[in-house]
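Protein sequences appear in the order of chains A and B. Sequential numbering of the first sequence, starting at 45, is according to this note's numbering. Sequential numbering of the second sequence, starting at 453, is according to this note's numbering. Following: one structure in structure tokens, then a few remarks.
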Amino acid sequence: MKKLSKLWHFMKNNRGKYILSIIFMGISVAFSLMVPVIIQMVVDSFIGELPSEYLFIQRIIQMPGGREYVRNNLWIGGLAIIIITAIYGLFLFLSNRLSAEASEDIAKNIRDKVYDHIQQMPFDYHKNSDTGDLLQRATSDVETVRRFLSIQLMEVGRAVFMVIIALYFMLQISWKMTVAAMILTPIIFFFGYIFFLKVQKAFKISDEAEAELSTVIQENLHGTRVVRAFAREKFEIEKFKEKNKSYAEKTYRLIKYLAYYWSISDFISLASIGLVLVSGVYFTYIGEITLGAIIVFIQYEYRLLWPIRQLGRILSDLGKAIVSSDRIQEILDGEIESDQENETTPEIKGEIVFDDVSFAYPDNFERKVLDHVSFSVRKGETVAVIGRTGSGKSSLIHLLGRLYDVDDGRIIIDGVDIKNIQKKWLRKHIGIVLQEPFLFSKTIKDNINFSSQQSENAVFEAAKIASVHDVIKEFDKGYDTLVGEKGVTLSGGQKQRLAIARTLVNDYPILAFDDSLSAVDTETDIAIRKALSERKKDITTFIISHRVASVYDADNILVVEDGKIIERGNHAELMALGGYYKRIWDIQMA
Amino acid sequence: MSDYEFQEQDYSKKIDMKIWKKIFKYLIRYKKLVAILIFFMINLALADAIFPQMTQRAIDDFIVPGQLEGLEKFILQFCLLIVWQSLNIFIFISTAGKIEMNLTYDIREEAFDKLQKLSFSYYDRTPTGWIMARMTSDTRRLGEIISWGIVDIVWGFSLMIIIAGFMLAYNLKLALLTLSVVPVLAILSIYFQKKILEAYRVVRKINSKITGSFSEGISGAITTKVLVGEEKHLNEFKEITTDMKRSSIRAVIFSALFLPIVLTLSSVAIALVVWSGGNSVIQGVITYGTLVLFISYATQYFEPIREVARVIAEFQQAQAAAERVISLIDEEMDIYDTQEVQEKYGTILEPKKSNWEELNGDIDFKNVSFRYKNGEEVLKSFNLSVKQGQSIALVGETGSGKSTIVNLICRFYEPTEGLIEIDGVDYRSRSIAWLHENIGYVLQAPHLFSGTIEDNIRYGKLDATQEEIMEAAKLVNAHEFIMKFPETYQTQVGEGGGKLSTGEKQLISFARAIISDPRIFVLDEATSSIDTQTERMIQDAIEKVLQGRTSFVIAHRLSTIVNSDRILVIEKGEVVEEGTHEELMGIKGHYHNLYTNQYRENAFKAL
């Protein structure tokens, strides 16, 4: 039962609706089981002449006109059947509706929570996470839980009510007949339960075969060029045939198991009905029960068998819902970025000090990507960092935006250690353009305006600075062009420039370009930086690059190698130094 | 995601028999199985209709007269009936399953065969995801709905007919009373089943939106974080989930309404039977057993109606899937061997290699023009003559036409005008397989298949021995790193080669291309950056591989083509500069510019 506690936890806020829904289910089941009783009454007491076992019916019969009256007006019985069925239907509807409201609300809450949580997880989690697995948890596992709560749970409730209420009515009539009616039901239940537990493996085998088949098709489609160029069509067809056949065979085997299940389960169920019929004949013969009672038993038997079969199947499936809820909970248990008590929201102007900062990424903690690095930047200054791939340049920006925290030393902005600044607050003041930016499947305008609600003119302005305005204008729908799968495919350089525009549309006091100009050509690079320095004067700017053309006009240039600053100064100073920087300059600008 | 929406369109159409005829054509192969299935479905319905009669007999023969004579016979008959019915169930499920699997298998196979023959222009305009959906979910759906659709329709109709027949035979008046609600039931069922399916379709559509949002939320998480867009995203997401909640509840309400309404309606039939039948019992016109029988039949009648209504609605919805699958199978091929060529050289599946001429490797473009399906003209009256053994490098910007030239050589596309000759003969007069068997091809983004490294190299020559494989790997400098894996050549490369680095994949794709000793070698060089050491190894491999073959290299890193016999600079479908590296550097034109720019970019590597 402890395993179910997570499912119970997910039901919070909706438990009331569930309980009401289950109660309505019980009422509807009770009414549905009354129909056979009415028929019994009509057969035994109206048509036949037996006194009814039910007191209120005896009273009806004793009313003015008495039995003779109802006998001549059998429509009363018919009307009772219709009314009772209608009530049964009404409560069935209410119950289903309530459970749908509850389970859909739960599903919505889980989805929202998971989505929120995923977004709040730290940078490091996303860098290392398996996208496919995460997606599966967020979608199909949530669906499994939803199905359990909306359908299976209600089925269980129905079956339980059905058995209890039917037992009550049956026991009223005859306990001996009740034994005859119920004796085979445990077998039907356990047969279903055990069968579906055992057959889960066959389901899995079929699923796996299907996955293999999909992989073959997928690889064939992705590798069409290779297939054709090597004239391997025949080989591919044979490979496909093998998987296609394997899937068909394995799935057929599963269907055959199901054929065994349904035929055996039907066999027992029908035998159970036969048993009721034959023992009914015997018990009426010895006068234990009436004709009408047999009708009740037979009708109940037909109604009971289905839910009991389902029950076995659902219980065997319960494991899946538990596994899924565990997998969802695992995401929700992951640590997220949250504001700490010591964190504040100070004014951020743009004076930055790196004070003896050391850092290593958690997944490679032995390699220090920053090793006791110190430097300072005044407000409005441009600092450029240059170095080869893997020299640790990008980590400077990751630390500045608190995507990671320093291992040692401090980063101080306007006199405040950034460890004491709320992460979101900090990021709202630092415009970071990532090396590999992600554009969302929205229009270009909405992408640029992603983190702001700027006017159209501001959007155009930002796009102009990022040298992408003219490109956008060329699209048929201009700024309303959709980006991504359903829209235009953009080149790497265009994406970069859009990402730059997206950052520039805000008035950040600090800007940081993480090698984000490398995907655009040198001329555009220069144009962007020129426009920037003209229009956004007071901004402290970080530029990370492997291209000297991007860095030479910075106020301060840092050359990084193996986590250390090996040269620093402005262009003239570094050229005079005649070191590493000068050599790169000579090669790149020759 | 977009593919899914593609799939979800057009659903309220009328049933189009032309489409279904094509689908049912697959069924003809299994007419024996279908006949068995139909036979047992009728049996099943018959047994379903007989069970209530057993109750009737128990009442009339034993209970009402109060005697037990003949009970043994009754029990025996009941047992036989149960065995018969269980058998029906077993046979119908396994037969329908067999039909389903066979159909799915056949449709998939035919579609896959077709995919191997369709030309590249098809792949250019059709997203892979779309084809995947046709090959997986659509085909599965068709197999399912056809086989189980037969089951439900045959069972539904025969049960309705059989029960109606029995009722009419027992008592005309009661039968007509019971059947009086059937038309209303049928109309209501058809209406609701359609509504229910439509409502769930909306739900599925929103569901695919949710999947899309999650996928984007996960992939774009870092960007969102940096831009502090978490709240905005969450709010947008909440809108979709709210929509989902609303639509799901709506769908449930439809189905939750249907059952009570229909149950109440059938209770009207039961009430009529109780009223009129009860009076008949009192008057002695019918027996108690018959009354109970009619009550059972009135209860039973609703299920087949619902099933038939459901299947009809499902067929309507599956039609879109059928259309799409058929459109794939019926897709016309652009590039194929003519009848004469096939007769002489065989087909791709059954090549007659004995008739194949040796390929030497002279290639001539004669006034070749080429235009993509979308109308974009890439080459116009292009001429090029390449002698056997020459190495040609193609340089130019994206869209300049250099890839098209290579695609034409490989006959992935054919010229819209003009002709291409190989060894002095129009290559369309030889078979595609002949050409492809003689081409070695290395792609920009190397594509490996899941399987071992050995499997992947062997792809180039299916009957290669272990020694040949190793030799090929050694030649392209791949042997060394392969041996460093614990399982050496038996190492699994993962889906798409995902477990290997880009450089490693590239070296293996070289080995794969070289093992069959091709006469023509085509190399679309990788743009992605690889570390210096691997780059050097690849450079060395390229040089070895090109020796003695006619070769075409689409170069991105110009350092790799310095030694080519001829470098062609392509711009807008035309050769604007041509010569060796030294000659072109001397002219100080386009090539010179490109080369020096690249040299600068690589400054760090030079250090």
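Glycine is no exception: its CB is placed at the ideal position from the N, C-alpha and C atoms.
- Within the same chain, Cβ atoms closer than 7 Å to the Cβ of Phe544(B) are found at Leu489, Phe492, Met493, Leu496, Val603, the five residues on either side in sequence being excluded.
- Restricted to the region 556 to 633 of chain A, the beta strand (DSSP E) segments that are unbroken, complete and at least 3 residues in length are 584 to 589, 600 to 605, 608 to 613, listed in chain order.
- Residue-level contact by beta carbon holds for Gly267(A) and chain B, with a gap shorter than 8 Å.
- When C-beta atoms of the region 663 to 679 of chain B are compared with those of the region 745 to 756 of chain B, fewer than three pairs fall below 8 Å, so the two segments do not count as touching.
- Between Asp383(A) and the set Ile462(A), Gln540(A), Glu345(A), the nearest pair of CA atoms involves Ile462(A).
- Residue range 219 to 226 is occupied by the alpha helix (DSSP H) that includes Ala224(A).
- If you draw a straight line from the Cα of Ile162(A) to the Cα of Leu686(B), it comes to about 10 Å.
- Taking 7 Å as the upper bound on Cβ-Cβ separation, chain B lies near residues Tyr329, Leu335, Ile338, Ile339, Ile342 of the region 329 to 351 of chain A.
- Residue pairing by DSSP puts Thr487(A) in a beta bridge opposite Leu526(A).
- If the five residues before and after Met553(B) are omitted, its C-beta is found closer than 8 Å to the C-beta atoms of Gly595, all from its own chain and listed in chain order.
- The straight-line gap separating the alpha-carbon atoms of His513(A) and Lys574(A) is approximately 16 Å.
- In terms of CA proximity to Ala543(A), Ser511(A) leads the group Thr268(A), Ser511(A), Gly522(A).
- As computed with DSSP, Leu975(B) is found in a beta bridge with Val894(B), Val1005(B).
- Taking a 10 Å sphere around the C-beta of Arg579(A), we find fewer than 16 other C-beta atoms and assign the residue as exposed.
- For Val270(A), the residues of chain B that pass the 9 Å Cβ criterion are Tyr893, Leu895, Pro898, His899, Leu900, Phe901, Tyr911, Ser961, Arg964, in the order they occur in the chain.
- At a beta-carbon threshold of 8 Å, the residues of chain A lying near Ser671(B) are Thr175, Phe482, ordered along the chain.
- With a cutoff of 8 Å on beta-carbon distance, Thr1002(B) and Gln896(B) are scored as not near each other.
- The alpha-carbon separation between Ile312(A) and Ile217(A) amounts to approximately 24 Å.
- Residue contact check for Phe54(A) against chain B: no CB pair falls below 8 Å.
- Runs of the alpha helix (DSSP H) lying entirely within the region 780 to 804 of chain B and spanning at least 4 residues, in chain order: 791 to 797.
- For a cut-off of 8 Å, the C-beta gap from Asn859(B) to Leu811(B) is around 18 Å, too long to register as a contact.
- Counting only unbroken stretches of 3 or more residues, no beta strand (DSSP E) element lies wholly within the region 590 to 668 of chain B.
- Boundaries for Gly378(A): no alpha helix (DSSP H) harbours it, and the DSSP string shows neither H nor E there.
- Contact with chain A is found for Ala510(B), since one of that chain's Cβ atoms lies less than 8 Å from the residue's Cβ.
- The Cβ of Ile544(A) sits no closer than 8 Å to any Cβ of chain B.
- For Lys996(B), the three-state secondary structure derived from DSSP is helix.
- Cβ neighbours of Tyr482(B) within its own chain (closer than 7 Å, five residues either side excluded): Ile551, Asn554.
- Non-local C-beta neighbours of Glu1029(B) in its own chain, meaning closer than 7 Å and more than five positions away in sequence, comprise Val1021, Leu1036, Ile1039, Gly1041, His1042, Tyr1043, ordered along the chain.
- Interface criterion not met: the Cβ of Val793(B) is under 8 Å from no Cβ in chain A.
- The Cβ-Cβ distance between Ile967(B) and Ile909(B) falls below 8 Å.
- Gln164(A) is bridged by DSSP to nothing; it lacks a bridge partner.
- Using beta-carbon distances, Asn408(A) does not count as an interface residue toward chain B, since no partner is under 8 Å.
- Partner residues in the beta bridge of Glu1026(B), as assigned by DSSP, are Glu1023(B).
- Not a single CB atom of chain B sits nearer than 8 Å to the CB of Lys489(A).
- For Ile91(A), the chain B residues whose C-beta falls within less than 7 Å of its own C-beta are Gly730, Val733, Ile734, listed in chain order.
- In the DSSP assignment, Asn819(B) falls outside any alpha helix (DSSP H) and lies within the beta strand (DSSP E) extending over 815 to 823.
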